[in-house]
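Novice: Residue numbers (the numbering used here): 1470 to 1559. I have a structure here, written as C-alpha coordinates, and I will follow up with some questions on it.
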(Lines of atoms letter the chains of each structure in order from A and count residues from 1; the text may use other names and numbers.)
(Lines give C-alpha, C1' and ligand atoms only; values in the text may rest on other atoms or scores of the structure.)
Protein backbone atom coordinates (compact mmCIF):
# COMPACT_ATOMS: atom_id res chain seq x y z
CA UNK A 1 0.00 0.00 0.00
CA UNK A 2 1.59 3.23 -1.13
CA UNK A 3 0.87 6.88 -0.75
CA UNK A 4 -1.36 8.28 -3.53
CA UNK A 5 0.36 10.37 -6.18
CA UNK A 6 -1.09 12.82 -8.65
CA UNK A 7 -0.27 12.54 -12.32
CA UNK A 8 0.93 15.43 -14.45
CA UNK A 9 -1.47 18.10 -15.71
CA UNK A 10 -1.36 18.79 -19.45
CA UNK A 11 -2.08 22.26 -20.84
CA UNK A 12 -2.77 23.04 -24.50
CA UNK A 13 -2.60 26.74 -25.37
CA UNK A 14 -3.88 27.80 -28.78
CA UNK A 15 -3.40 31.39 -29.91
CA UNK A 16 -4.64 32.40 -33.35
CA UNK A 17 -4.64 28.75 -34.49
CA UNK A 18 -1.12 27.87 -33.27
CA UNK A 19 -1.03 25.29 -30.48
CA UNK A 20 1.63 24.59 -27.87
CA UNK A 21 1.47 21.99 -25.11
CA UNK A 22 3.15 21.70 -21.73
CA UNK A 23 2.96 19.24 -18.88
CA UNK A 24 3.22 20.19 -15.20
CA UNK A 25 4.16 17.68 -12.50
CA UNK A 26 2.44 17.52 -9.13
CA UNK A 27 4.32 19.37 -6.37
CA UNK A 28 5.40 18.08 -2.99
CA UNK A 29 7.86 15.48 -1.76
CA UNK A 30 5.51 12.62 -2.61
CA UNK A 31 4.05 14.19 -5.79
CA UNK A 32 0.68 14.40 -4.07
CA UNK A 33 0.22 18.18 -4.16
CA UNK A 34 -1.26 20.45 -6.82
CA UNK A 35 0.51 21.18 -10.10
CA UNK A 36 1.30 24.90 -9.95
CA UNK A 37 3.15 26.97 -12.51
CA UNK A 38 2.98 30.08 -14.68
CA UNK A 39 3.03 30.13 -18.48
CA UNK A 40 3.83 33.56 -19.90
CA UNK A 41 3.23 34.13 -23.58
CA UNK A 42 4.06 37.51 -25.17
CA UNK A 43 1.39 38.73 -27.61
CA UNK A 44 1.66 41.40 -30.25
CA UNK A 45 -0.80 44.28 -29.79
CA UNK A 46 -4.25 43.56 -31.19
CA UNK A 47 -7.05 41.01 -30.88
CA UNK A 48 -6.12 37.34 -30.44
CA UNK A 49 -8.29 34.20 -30.36
CA UNK A 50 -7.21 32.15 -27.35
CA UNK A 51 -8.16 28.63 -26.29
CA UNK A 52 -6.87 26.83 -23.19
CA UNK A 53 -7.41 23.11 -22.55
CA UNK A 54 -6.52 21.65 -19.15
CA UNK A 55 -6.35 17.86 -18.75
CA UNK A 56 -5.91 16.84 -15.10
CA UNK A 57 -5.31 13.12 -15.60
CA UNK A 58 -5.01 10.31 -18.14
CA UNK A 59 -8.76 9.56 -18.09
CA UNK A 60 -9.95 13.12 -17.46
CA UNK A 61 -11.98 15.12 -19.96
CA UNK A 62 -10.35 18.39 -21.02
CA UNK A 63 -11.67 21.53 -19.35
CA UNK A 64 -11.70 24.36 -21.90
CA UNK A 65 -11.74 28.14 -21.87
CA UNK A 66 -12.03 30.07 -25.14
CA UNK A 67 -12.23 33.78 -25.83
CA UNK A 68 -10.70 36.87 -27.36
CA UNK A 69 -7.96 38.91 -25.75
CA UNK A 70 -7.22 42.47 -26.75
CA UNK A 71 -3.45 42.64 -26.19
CA UNK A 72 -1.85 45.99 -25.43
CA UNK A 73 1.72 46.98 -24.63
CA UNK A 74 2.72 46.68 -20.97
CA UNK A 75 -0.51 44.88 -20.03
CA UNK A 76 -0.93 41.38 -18.60
CA UNK A 77 -3.99 39.22 -19.20
CA UNK A 78 -4.23 36.39 -16.70
CA UNK A 79 -6.37 33.26 -16.97
CA UNK A 80 -6.25 31.06 -13.89
CA UNK A 81 -7.61 27.55 -13.45
CA UNK A 82 -8.61 25.73 -10.29
CA UNK A 83 -10.10 22.26 -10.44
CA UNK A 84 -12.88 23.26 -8.02
CA UNK A 85 -13.71 26.68 -9.54
CA UNK A 86 -12.72 26.28 -13.19
CA UNK A 87 -11.31 29.17 -15.23
CA UNK A 88 -11.19 32.78 -14.16
CA UNK A 89 -10.06 35.73 -16.30
CA UNK A 90 -8.35 38.33 -14.15
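For every residue, glycine included, the Cβ atom is placed at its ideal position computed from N, Cα and C.
1) Classify residue 1507 as buried or exposed, calling it buried when 16 or more other Cβ atoms lie within 10 Å of its own Cβ.
2) Quick one: give me the first and last residue of the beta strand (DSSP E) that residue 1487 is part of.
3) At the level of alpha carbons, what is the spacing between residue 1531 and residue 1559?
4) For the candidate residues 1497, 1549 and 1502, whose alpha-carbon lies nearest to that of residue 1509?
5) Which same chain residues, not among the five before or five after residue 1485, have their C-beta less than 6 Å away from its C-beta?
6) Do you know how far the Cα of residue 1524 is from the Cα of residue 1481?
Specialist: Taking the geometry as given:
1) exposed
2) 1487 to 1493
3) 21 Å
4) 1549
5) 1517 and 1518
6) Rounded to the nearest angstrom, the two C-alpha atoms are 9 Å apart.
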